[in-house]
Amino acid sequence: MPLIINQQPVSDDRWISILDAEQLAAQAADADLIVAWDLYQQQPQALAERSGQLGLAIPNDLDVTELTALLPRLALIAVDFPSFADGRAFSQVQQLRRAGFSGQIRACGDVTWDRLRFMHRCGIDAMQIDAQRYTPEMLRAFTEIKVRNQAAAGDAHSLSRQQDALNDH
Amino acid sequence: MYLYSELDQQLIDERVEQYRDQTRRFLAGQIPEAEFRILRLQNGLYIQRHAPMLRIAINYGLLSSTQLRGLAKVSRDYDRGYAHFTTRQNIQFNWPTLESVPDLLADLAKVQMHSIQTSGSCIRSVTSDHLAGVVAGEIEDPRPWSEIIRQWAALHPEFAYLPRKFKIAVTGCEQDRAAVQVHDIGVRLTRNTSGDCGFEILVGGGLGRTPMIGKQIRAFLPQQDLLSYLEAILRVYNLLGRRDNKFKSRIKILVDALGADAFRDKVEAEWLQIKDSNLRLTQAKIDRVKGYFQPPAYEADASADSSYAAKLASERDFAVWIERNSFAHKVPGYRAVTLTLKGLLQVPGNVTDVQMDAVADLADRYNFGEIRSTHEQNLVFAHVKQADLYPLWQQLLALNLARPVVGTIQDMIVCPGLDFCSLANAETHSVAREINTRFDDLDYLYELGEIKLRMSGCINACAHHHVAHIGILGVDKKGEQYYQFTLGGSSATDASLGKVLGKSVPQAEVADTLEKILALFVEIRIEGERFIDTVRRVGNQPFKEHVYAVDH
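These protein sequence lines map, in sequence, to chains W and H. Per our numbering, residue 22 is the first one in the first sequence, and the count goes up by one each step. Per our numbering, residue 46 is the first one in the second sequence, and the count goes up by one each step.
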């Protein structure tokens, strides 16, 4: 599946998505895995003993404060956009970045051109896109609108708008 | 008024080009219909019964004469020479083609107008008091705060895919003309016991299928915390609002399900995390925005004029118009004036391109080039010098914008109804015409006193019938159009929801039913009593008995 990281297409993805115990058992101990949240909860200990990096795929109705203690051990969190109308993960990501999570946050599900910029602005740095909806032109999404009326995750300026930063300096 | 900076202009220009590309990709089959629906709605475009309908934002109802001329031009170039003012101070075009919308929007962007977030499940354009800044006793002008909210909400990356639409209203006055208690968030300027100015925050008001009055979740919020608090509310709603049933997805349902206290706890917990973030407003920012809303250059000797008093004494019709359609201004020698978009046989809220151009010229001559739209579907000139009132009135008469009906049942708020809207169950315009024709004796209307009459063509309640003194709701009964009456609603400071009178009546009986209600009111009112106060005193029952009495 096509993948965009930091606004660029990426061809090699070392992460393997794991949905059930059977798939998990088949993986080498040093493989980097994105494990479904349900599965993780069933065997947190087994996953802690692996040498590969750990990522979690979380549902979009999860209260992400439940992950707080776990964040230092995670290298990736995959968030879910189950439909084009559903925007819960935008808020989850804001909260994860605010909690200091600096690993990769990957958007999965209904990820298409017209939400890429919003995803990026909220703190999502990786987008996994259905092959049928991927075109190289869609990278334009990041620059269609350059004006920022809100500070986003990681912005250095201390005010709420790009405008104000300009006016006050 | 607020003047766009280069970045504000760049944002709306970029949004036009983004939408142009979205339209192109949709027409090329690269965006599925269901997805494009969401994209076009976020940009104000509905597909209606006959054609698309495009809603343009008039943020907090404030327009310049240049903008109004821009709207007139667009109505000529892309539509049929008219437009419709809505109950949220915005304006709608009924006939642009889907393909032409990007060009239309590019033309409007030249006069700093746009359709950003005028529809869809996002933060809608902010509404406010149409007499902001000119009425005596205002705690503070609500417009700078409305503008600050507008900037924050515009293309907010986190809140473009909410469970449902989200409406914010701001008022700076004890007397509420912005209906803040029936908005998703109502922001009321207030003072705390030490005299500091801040906000009272209401959440979870709304109309539609499940009408509710908003609940106070904070009695006093310091001014610099406005955006962080709004963001906390929106985040809680975005995460927890229901998405499984569109009729249960407004924030009012969430607040009601959790209870206002539990909802408040969640908001406050989230707010604690962000109140000291970069959302905190600096005094420099607040002052800069306030600077755009300074009073115009009033003349110090405006009240010295004697022609006004002479005309009031000699011209009865002028005096009636002043009494009905104008408001006291806090500056001596000035008044605020309502231009009624309620012509006798016209669709409430409709204006022609000729009227728009003429109003723009009058605004330049008499009102510092400013025009305001109201949620009651009228226009307001907020700063007219008393010596100018008579010549203004004469010119408004010629434009059919001076009917002295403000506050009467002829000043009704009416949604587009079945004639235009694909959601509607029933016609509204034909019924409004029928009512206007039946009750065309203005002296009788004045004797009735203030009555807010509002009519919606379906349960979505765009005309806010639940909070009308007399509300009329169109319903479909096996293919026939019926109308249900509610009595006793109000969207003012004493907000209340109207109660259903009884079984709905067929279209042919709407005017008769209204006549019976008014006849009983005249019979039982205590002298000088307003209709709403009579209903509150006696309840619906006497009206019900009178309306549904079997004829002998």
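We put the beta carbon where it would ideally sit given N, CA and C, even for glycine.
Can you look up residue i in the DSSP assignment and give me helix, strand or coil?
| i | result |
| --- | --- |
| W:M159 | helix |
| H:R333 | helix |
| H:C242 | strand |
| H:M401 | helix |
| H:T531 | strand |
| H:Q339 | coil |
| H:I416 | strand |
| H:V119 | helix |
| H:D221 | coil |
| H:A432 | helix |
| W:H190 | Low local confidence applies: a pLDDT of 41 at W:H190 is under 50, so the model's placement there is unreliable, with the coordinate-based value given in what follows. Here W:H190 sits in coil by DSSP. |
| H:P256 | coil |
| H:C167 | coil |
| W:I26 | strand |
| W:D82 | coil |
| H:V248 | strand |
| H:L207 | coil |
| H:K387 | coil |
| H:H175 | coil |
| H:K297 | helix |
| W:G73 | coil |
| H:L153 | helix |
Nearest to residue i by CA position, among the options, is which residue?
| i | options | result |
| --- | --- | --- |
| H:V179 | H:A471, H:Y206 and H:P341 | H:P341 |
| H:T238 | H:P267, H:L247 and H:C218 | H:P267 |
| H:T327 | H:S273, H:I515 and H:M257 | H:S273 |
| H:N323 | H:G217, H:T255, H:I416 and H:W197 | H:W197 |
| H:L487 | H:V450, H:V512, H:W316 and H:A477 | H:V450 |
| H:G293 | H:T255, H:F426, H:L303 and H:A314 | First, the residue type needs correcting, since residue 293 of chain H is Lys and not Gly in the sequence shown. Closest option to H:K293, Cα to Cα, is H:T255. |
| H:I230 | H:C242, H:R236, H:T216 and H:Q220 | H:T216 |
| H:W438 | H:Y353, H:C242, H:I101 and H:E525 | H:Y353 |
| H:V392 | H:L247, H:A277, H:P461 and H:V404 | H:P461 |
| W:Q116 | W:R154, W:A69 and W:L88 | W:L88 |
| W:A69 | W:L45, W:T164 and W:N27 | W:L45 |
| H:I480 | H:D66, H:S166, H:V459 and H:A102 | H:V459 |
| H:N585 | H:G543, H:L252, H:D306 and H:L434 | H:G543 |
| W:Q66 | W:T86, W:P80, W:V85 and W:R94 | W:R94 |
| H:V235 | H:G182, H:K320 and H:I517 | One point to set straight first is that residue 235 of chain H is Thr, not Val, in the sequence displayed. Comparing Cα-Cα distances from H:T235 to each of H:G182, H:K320 and H:I517, the minimum goes to H:G182. |
Would you kindly work out how many angstroms separate the C-alpha atoms of residue i and residue j, rounded to a whole number?
| i | j | result |
| --- | --- | --- |
| H:L386 | H:R448 | 8 Å |
| W:S179 | H:Y47 | Any reading at W:S179 must be qualified, since the residue scores a pLDDT of 38, below 50, and its modelled position is unreliable; no value is offered. |
| H:S535 | H:V555 | 21 Å |
| H:I331 | W:D59 | 47 Å |
| H:I258 | W:L77 | 42 Å |
| W:V31 | W:L91 | 27 Å |
| H:E78 | H:V545 | 39 Å |
| H:D346 | H:V382 | 20 Å |
| H:R309 | H:V232 | 15 Å |
| H:L317 | H:F530 | 45 Å |
| H:V512 | H:T453 | 15 Å |
| H:Y337 | H:R369 | 31 Å |
| H:R570 | H:R499 | 21 Å |
| H:Q220 | H:I504 | 28 Å |
| H:R410 | H:I416 | 12 Å |
| H:I57 | W:M159 | 21 Å |
| H:H201 | H:I278 | 14 Å |
| H:E144 | H:Q93 | 15 Å |
| H:N412 | H:D402 | 14 Å |
| H:I194 | H:K561 | 45 Å |
| H:A73 | H:P97 | 19 Å |
| W:A177 | H:V396 | With a pLDDT of 46 at W:A177, under the threshold of 50, the predicted position of this residue should be treated as unreliable, though the coordinate-derived value follows. Cα-Cα distance, rounded: 47 Å. |
| H:T473 | H:G502 | 6 Å |
| W:T133 | W:P157 | 12 Å |
With three or more C-beta pairs closer than 8 Å as the rule, is the stretch 73-86 of chain W touching the stretch 36-53 of chain W? yes
Answer yes if the stretch 122-129 of chain H comes into contact with the stretch 76-89 of chain H, meaning at least three C-beta pairs across the two stretches below 8 Å, and no otherwise. no
Pairs of beta-carbons, one from the stretch 108-122 of chain H and one from the stretch 153-160 of chain H, closer than 8 Å: are there three or more? Enough Cβ pairs lie closer than 8 Å, so yes.
Does the stretch 161-177 of chain H come into contact with the stretch 132-147 of chain H, if we say contact requires no fewer than three beta-carbon pairs (one atom in each stretch) closer than 8 Å? yes
Jot down the residue ranges of each uninterrupted alpha helix (DSSP H) in the stretch 554-588 of chain H, minimum 4 residues, whole runs only, in chain order. 555-569 and 576-583
Does the structure place the stretch 97-105 of chain W close enough to the stretch 116-127 of chain W that three or more beta carbon pairs sit under 8 Å? In short, these stretches touch, since the Cβ pair count reaches three.
Return the chain-ordered ranges of every beta strand (DSSP E) run that is complete within the stretch 493-522 of chain H and spans a minimum of 3 residues. Under the rule that a run must span 3 or more residues, the beta strand (DSSP E) segments found entirely inside the stretch 493-522 of chain H read 498-501 and 515-522.
Under 8 Å, with one C-beta from each stretch per pair, do the stretch 386-396 of chain H and the stretch 416-428 of chain H reach the 3-pair mark? yes
Entirely within the stretch 63-116 of chain H and at least 4 residues each: give me those alpha helix (DSSP H) ranges in chain order. 78-86
Would you be able to state if there are at least three C-beta pairs under 8 Å between the stretch 283-290 of chain H and the stretch 201-216 of chain H? yes
Complete runs of the beta strand (DSSP E) confined to the stretch 103-162 of chain W [at least 3 residues]: Those beta strand (DSSP E) runs which fall completely within the stretch 103-162 of chain W and span 3+ residues are 125-130 and 147-149.
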